[in-house]
Each structure stands twice: as structure tokens, then as C-alpha cells.
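For the sequence shown, position 71 (counting from the first letter as 1) is numbered 86 according to my numbering, and the numbering increases by one without interruption.
Heads up, the beta-carbon is just placed ideally off N, CA and C, and yes, glycines get one too.
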Amino acid sequence: TVFKAGVPQSSPDWYPDTPINYAMQYHSNGYFLHDSWWRSDYGPTTNFPHADSSGDPFSAQGSHGCVNMSKDNAAWLYGFVSLNTTVLVY
16 TVFKAGVPQS SPDWYPDTPI NYAMQYHSNG YFLHDSWWRS DYGPTTNFPH
66 ADSSGDPFSA QGSHGCVNMS KDNAAWLYGF VSLNTTVLVY
């Protein structure tokens, strides 16, 4: 799967085409639980503003509504859930 921004590069919401290994849509209009291989840090105090030690310039940007996960956690979830699984985000 490749995520595409769908907005002009001049937009603050733009991001480069991004290959994703595991993506599970939880809401229409492109909201996903997915791996974010470009980030190194997850959990409390890293959410907003995004704080990340990877050095990748895109790691500090917001998630645009998605739930970012490590590749290992996203792989586990992808193998565990099925279509129409209820997802609660809070």
C-alpha cells in the first residue's frame, strides 16, 4: 500500500508518497491504523507535538488522523483483526 497526500505540495498537509506495510482502515476518508516505519518513538509524550528521536524530518509531523504503530505491532494487529472489527480510539 502507498499512502498519497492528495493535496498540493504547497499544502501544510502534504507528505511524500509513503509505502506502508500494514494498513487497517478504521474510518472512511482514509483513517488507518498503520505502521509508521519512519518513527522510532511511540507512546505517552510523543503524540502531540510529535516527539521522535529518529531524526527523520517527517517524524515530527502529525498523523492526519491515523494511528501510527511500530511495524511489529502493526503486523501483529493486522494478523489478529478481521473485517468489521470494532475500533475505539480515545
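Please name the residue, chosen from the options, that lies closest to residue i on a Cα-to-Cα basis.
i     : options                      : result
Ser74 : Val17, Ala20, Tyr30, Gly21   : Tyr30
Thr16 : Phe47, Pro23, Thr61, Ser25   : Phe47
Tyr41 : Lys86, Gly94, Cys81, Pro59   : Cys81
Lys19 : Thr61, Leu103, Pro34         : Pro34
Met84 : Asn36, Leu98, Ser26          : Asn36
Asn44 : Thr100, Tyr105, Gly94, Gly21 : Gly21
Which same chain residues end up closer than 7 Å to residue i when comparing Cβ atoms and leaving out the 5 residues on each side of it in sequence?
i     : result
Trp53 : Ser69, Asp71, Phe73, Ser74
Pro23 : Trp29
Val96 : Met39
Thr60 : Ala66
Lys86 : Asn36, Asp50, Trp52
Could you give the C-beta distance for residue i and residue j, rounded to a whole number, given that I count them as a contact under 8 Å?
i     : j      : result
His79 : Asp28  : 7 Å
Ala89 : Asp50  : 4 Å
Met39 : Leu103 : Not a contact, Cβ separation roughly 14 Å.
*Length at least 3, wholly inside the stretch 51-91: the beta strand (DSSP E) runs in chain order*: 82-84
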